[in-house]
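Residue numbers (numbering that gives the first Met the number 0): 0 to 114.
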Amino acid sequence: MADPLFGIHGKALELRSQRLSMLASNIANAATPNYKARDIDFQKALSDATDGMSAAQAADAHIGYRVPLETSLDGNTVELSTEQNQFAENALRYKTTLSFLEGRIGTVMQALKGE
């Protein structure tokens, strides 16, 4: 069930934060032999999180391994350009969600002050 004040945006922010961490881990392990790049299916995780599951549980339930376009000799599935693009897109969406929540909190604060 969505939060009455913030809607789905609070859960979305939590999931985006977890996804940023996972994508950063992929980038950090780009040269690690046999490392398997992982990602969260954000839409499915958000759906579960809004249906009552915690954001952490929803993220864990929808972690998958990324299938590389080209195979690597050392078994690593990280494609740096893909990970960087996914990270940048997710960071932008994180910032957008955060800005929305900051605006919502500002509105609530104004209402409480009677402005």
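Cβ coordinates follow ideal geometry from the N, Cα and C atoms, glycine included.
query: Going along the chain, which residues of its own chain have a beta-carbon closer than 6 Å to the beta-carbon of Leu12, five neighbours each way excluded?
result: Answer for Leu12: Thr96, listed in chain order.
- prompt: Tell me, which residues are paired with Arg65 by DSSP?
  reply: According to DSSP, Arg65 bridges with nothing at all.
field: Distance cut-off 7 Å: Gly74 Cβ against heavy atoms of the ligand NAD
entry: No copy of the ligand NAD occurs in the structure displayed, which carries no ligand at all.
- request: Note down the Cα distance separating Asn25 from Asn75, rounded to an integer number of angstroms.
  value: C-alpha separation (whole angstroms): 10 Å.
message: What does DSSP give as the partner residue(s) for Ile39 in the beta ladder?
response: Paired residues: Ile62.
- prompt: Taking Asp40 as the reference, which of Gln83, Ala27 and Leu14 has the closest Cα?
  reply: Here the closest residue by C-alpha is Leu14.
task: Name the two residues that bound the continuous alpha helix (DSSP H) containing Asn33.
output: Note, Asn33: premise wrong, no alpha helix (DSSP H); not H, not E.
query: DSSP three-state call for Gly6: helix, strand or coil?
result: In this structure, Gly6 counts as strand in the three-state DSSP scheme.
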